[in-house]
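Encoded as structure tokens, the structure appears first; notes follow it.
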Amino acid sequence: AQSVTQPDIHITVSEGASLELRCNYSYGATPYLFWYVQSPGQGLQLLLKYFSGDTLVQGIKGFEAEFKRSQSSFNLRKPSVHWSDAAEYFCAVASTGANNLFFGTGTRLTVIP
Amino acid sequence: KAGVTQTPRYLIKTRGQQVTLSCSPISGHRSVSWYQQTPGQGLQFLFEYFSETQRNKGNFPGRFSGRQFSNSRSEMNVSTLELGDSALYLCASSLAGVRGGHYGYTFGSGTRLTVV
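Sequences listed follow chains D and B, in order.
Everything in the first sequence is counted per this note's numbering, starting at 5 for the first residue and increasing by one.
Everything in the second sequence is counted per this note's numbering, starting at 1153 for the first residue and increasing by one.
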């Protein structure tokens, strides 16, 4: 069965510092993986996605993620965080043979000036 | 290109009532799926419709139902509302039929339902 684990519930970083949000997945075949961001009271915005090919994926807002099959991980990174990046971040995997997503529990990012 | 539109944005209902939420997908998208988001349970899949047919359903009671129209717009209905149904309900549309395809899923801003 598919599942996603985001081990960090809350992360605080200083503005300008680098960021890495962890995501581990459980999936039997090649996964379709996604990172979404959610601002308070809003819907989910797609940051980036991985289907196949290059394991380093570039997304919007300067984010990137690296797919590591050996570690079942798809960690999100950003070299320099901006105050506007404060939000909740969700990692997700698409299900097999169906058209829905399994989400992790999310990581709330706080950015301090 | 217009995004996914959900109406209304906010709703307050009383226990025992029923509610209908609406979702208009991106033009050309035939798949619409619904998710419930709560602080305790996170994001949970409710059901997915493709070409007016429910293809997949999550683990929710029969009080939660939905439908899709020929123009791909979708509605979800919750009958006999309970306090625990208070949540943000999100709709997502996708272009391809399975696994979101290479275009992924686009979410609306959600409907915030409060049951009192």
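Yeah, the Cβ is synthetic: ideal placement off N, Cα and C, and Gly gets one too.
Sequence-distant residues of its chain with Cβ nearer than 6 Å to residue i (five each side left out)
i: A1244/B; result: S1185, Y1257 and F1259
i: P11/D; result: R26
i: S76/D; result: N28 and Y29
i: R81/D; result: E24 and E68
i: L1195/B; result: Y1187 and Q1189
Nearest-angstrom Cα separation, counted from residue j out to residue i
i: L23/D; j: S1217/B; result: 40 Å
i: E19/D; j: S84/D; result: 7 Å
i: N1229/B; j: D1237/B; result: 12 Å
i: T1169/B; j: S1231/B; result: Reading the sequence as shown, one finds Gln at residue 1169/B and not Thr. For Q1169/B and S1231/B, the distance between alpha carbons rounds to 6 Å.
i: E92/D; j: H1181/B; result: 27 Å
i: T109/D; j: P1191/B; result: 9 Å
i: G4/D; j: C1175/B; result: Past the boundaries of the shown model lies residue 4/D; chain D is included only from 5 to 117, so the question cannot be answered.
i: T1157/B; j: I1178/B; result: 8 Å
i: S1224/B; j: G1210/B; result: 20 Å
i: L113/D; j: S1261/B; result: 20 Å
i: G66/D; j: F107/D; result: 22 Å
i: Y54/D; j: N104/D; result: 15 Å
i: S1246/B; j: S1203/B; result: 12 Å
Chain-ordered chain D contacts of residue i [CB-CB under 8 Å]
i: L1163/B; result: Correct list: empty, because the minimum Cβ distance to chain D is about 14 Å.
i: T1258/B; result: L50
i: G1096/B; result: Because chain B in this structure spans residues 1153 to 1268, residue 1096/B falls outside the shown range and cannot be described.
Cβ-based neighbour list, residue i, same chain, cut-off 8 Å, excluding 5 preceding and 5 following
i: L1163/B; result: V1171, L1173, T1263, R1264, L1265 and T1266
i: I116/D; result: T16, V17, S18 and E19
i: T1205/B; result: Q1220
Beta-carbon proximity list for residue i, same chain, < 7 Å, skipping 5 on both sides
i: E1234/B; result: R1167 and V1267
i: L50/D; result: F38 and Y40
i: L60/D; result: E68 and E70
i: P1160/B; result: T1263
i: G79/D; result: A small fix is needed here, since residue 79/D is Asn in this sequence, not Gly. E24, L25, R26, C27, A69 and E70, listed in sequence order.
Chain-ordered neighbours of residue i on chain B, where CB pairs are closer than 7 Å
i: T109/D; result: G1194
Contact set between residue i and chain B, taken where Cβ atoms lie within less than 9 Å
i: F94/D; result: G1194 and L1195
Under 9 Å by beta carbon: chain D residues contacting residue i
i: F1202/B; result: N103
i: S1217/B; result: Ordered by position in chain D, no residue passes the 9 Å Cβ test against S1217/B, which lies about 17 Å from the chain.
i: S1185/B; result: N103, N104 and L105
Contacts that residue i makes with chain D (C-beta to C-beta distance below 7 Å)
i: G1262/B; result: G47
i: S1246/B; result: N103
Handout entry: Members of the stretch 30-60 of chain D near chain B, C-beta cut-off 8 Å
Key = Going along the stretch 30-60 of chain D in chain order, one finds Y36, F38, Y40, G45, Q46, G47, L48, Q49, L50, K53 and F55 with a Cβ nearer than 8 Å to chain B.
Exercise for the section: Output, in sequence order along the chain, the residues in the stretch 1223-1242 of chain B whose CB is closer than 9 Å to any CB in chain D. Expected result: Hits within the stretch, in order: L1240 and L1242.
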